[in-house]
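Colleague: Protein chains in written order, with this note's numbering: chain A, 2 to 109; chain B, 2 to 109; chain C, 2 to 109. Beta carbons are placed, not taken as given, at the ideal position from N, Cα and C, and that holds for glycine.
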């Protein structure tokens, strides 16, 4: 955690942004770099009978850090993803809870 | 948004229902057609040591519209999915929050 | 439901644990065996410009059964997954709500 779950983006483009993005999120959030995971989801999208491409869509699973930090994380994602050529980005945050998140047998 | 995330259904069957389903959900929910995404997830399911097939399972990520609209969306999904031959459908809704959902740098 | 969504684990290893794991969870949770689904997600993980492997990560979607049952489920997942050779496991629980979970047209 935080888990960045990315849809609608080429793997190669995710690779390009992965280091500078995590460097920046590490500074914004203040948690160790190796807490982050970036997941590239292999699903397909369908509209009106056809496979379609979508704009990058990012789900962030994390412990809530408040609106201000969240705004900064969304802005960083927007900047890095549009920086490799995408025109639009949607990002949403899902707050997980310490009592429901386990490292091995112990929750946080 | 709304995001329809579908597991346990063939891509071709999803393509068949995609247009009439979104037409109907657009009427029920009252948001533009191009807000919808339909995602076909490529994961596999496993039970008792073997890969298994599952009944269609739909996760809907959206801003909560109340129980009545939600009931209508679930009924529409049920009708369209059983209409192409599946016997049973499970649908669940995950409410996202405007303050946590960003279009580019701005949340709703 | 409960839905076990597993990332970072080989399909063959998931198959090995699938029967004894569900046997044990069935006893802990007290719901029928065939309510469980185990999903093996096919996404890839990326860090610092490279594809990486991650430690097994399990998301459990369920109706909340309280902290004590949840602790036992996490412990069972930890035991079965480390039992086939993985060194570390992260497990998190997402509580779904009866009024938002539909079997066909009817919610729970």
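For the beta strand (DSSP E) that residue 36(A) lies in, which residues bound it at each end?
Modeller: No beta strand (DSSP E) holds residue 36(A); DSSP gives it neither H nor E.
Colleague: Report the start-end ranges of each beta strand (DSSP E) in the stretch 24-109 of chain C that is 3 residues or longer and not cut off at the edges.
Modeller: Those beta strand (DSSP E) runs which fall completely within the stretch 24-109 of chain C and span 3+ residues are 38-41, 45-48, 51-53, 58-64, 91-97, 102-104.
Colleague: For chain A, find out if any of its Cβ atoms is closer than 8 angstroms to the Cβ of residue 41(C); answer yes or no.
Modeller: No, residue 41(C) does not count as interfacial toward chain A.
Colleague: For a cutoff of 8 angstroms on Cβ pairs, would you count residue 38(C) as touching chain B?
Modeller: Yes, residue 38(C) lies at the interface with chain B (some Cβ there is under 8 angstroms from its Cβ).
Colleague: Strictly under 8 angstroms for the Cβ-Cβ distance: is residue 19(C) near chain B by that measure?
Modeller: Cβ-Cβ to chain B under 8 angstroms: yes for residue 19(C).
Colleague: Return the residue from the list 8(A), 101(A), 74(A) that minimises the CA-CA distance to residue 31(A).
Modeller: Residue 31(A) has its Cα closest to that of 74(A), out of 8(A), 101(A), 74(A).
Colleague: Note down the Cα distance separating residue 93(C) from residue 50(A), rounded to an integer number of angstroms.
Modeller: Rounded to whole angstroms, residue 93(C) to residue 50(A) spans 35 angstroms at the Cα level.
Colleague: Looking only at its chain, what residues have a beta carbon closer than 8 angstroms to the beta carbon of residue 41(C), apart from the 5 residues adjacent to it on each side?
Modeller: Cβ within range, chain order: 7, 10, 12, 15.
Colleague: So, using beta-carbon positions, are residue 57(C) and residue 18(C) closer together than 8 angstroms?
Modeller: No, the pair does not count as a contact, with Cβ atoms beyond the cut-off.
Colleague: Starting from residue 7(C), follow its DSSP beta bridges and name the residues at the other end.
Modeller: Bridge partners of residue 7(C): 41(C), 59(C).
Colleague: What are the residues of the stretch 79-106 of chain B that lie near chain A, defined by any Cβ-Cβ distance shorter than 9 angstroms?
Modeller: Those would be 95, 97, 98, 100, 101, 102, 103, 104, 105, 106, in chain order.
Colleague: Smallest Cα separation from residue 77(C): which of 26(C), 48(C), 64(C), 106(C)?
Modeller: Of the listed residues, the one whose Cα sits closest to residue 77(C) is 26(C).
Colleague: Ignore the nearest five residues each way along the sequence and tell me which others in residue 99(B)'s own chain have a CB closer than 6 angstroms to its CB.
Modeller: For residue 99(B), where only same-chain residues beyond five positions count, the Cβ hits under 6 angstroms are 109.
Colleague: Can you confirm whether residue 25(A), when its beta carbon is compared against all beta carbons of chain B, has any partner nearer than 8 angstroms?
Modeller: It does not: the Cβ of residue 25(A) has no partner Cβ on chain B nearer than 8 angstroms.
Colleague: Give a yes or no on whether the C-beta atoms belonging to residue 97(B) and residue 64(B) are separated by under 8 angstroms.
Modeller: Result yes, Cβ atoms of residue 97(B) and residue 64(B) sit closer than 8 angstroms.
Colleague: Between the C-alpha atoms of residue 35(C) and residue 105(C), what's the straight-line distance to the nearest angstrom?
Modeller: Going from the Cα of residue 35(C) to the Cα of residue 105(C) covers about 17 angstroms.
Colleague: For residue 4(C), is the classification buried or exposed, using 16 other Cβ atoms within 10 angstroms of its Cβ as the cut-off for buried?
Modeller: Buried is the call here.
Colleague: Does the beta carbon of residue 29(C) come closer than 8 angstroms to any beta carbon on chain B?
Modeller: By this cut-off, residue 29(C) is not an interface position.
Colleague: What residues in its chain sit with their C-beta under 7 angstroms from that of residue 70(B), if we drop five residues either side in the sequence?
Modeller: So the qualifying residues of the chain are 29, 30.
Colleague: Short check: CB of residue 43(C) to CB of residue 43(A), under 8 angstroms?
Modeller: Yes, the Cβ-Cβ distance between residue 43(C) and residue 43(A) is below 8 angstroms.
Colleague: Please tell me whether residue 37(B) and residue 38(C) are closer than 8 angstroms, where the distance is taken between their beta carbons.
Modeller: Not in contact: residue 37(B) and residue 38(C) (Cβ atoms no closer than 8 angstroms).
Colleague: Give me the chain A residues within the contact set of residue 45(B), using Cβ-Cβ distance strictly less than 7 angstroms, ordered along the chain.
Modeller: Result: empty, since nearest Cβ-Cβ is about 12 angstroms, beyond 7 angstroms.
Colleague: Between the stretch 56-71 of chain C and chain A, which residues of the former have CB atoms less than 8 angstroms from a CB of the latter, in chain order?
Modeller: Cβ contacts with chain A: 58, 68, 71.
Colleague: List the residues of chain C whose Cβ lies closer than 9 angstroms to the Cβ of residue 48(B), in chain order.
Modeller: Result: 19, 20, 23, 34, 35, 37, 38, 39.
Colleague: Output, in chain order, the set of chain A residues within a Cβ distance shorter than 8 angstroms of residue 14(C).
Modeller: Going along chain A, no residue has its Cβ under 8 angstroms from residue 14(C), so there is no contact; the nearest lies around 17 angstroms.
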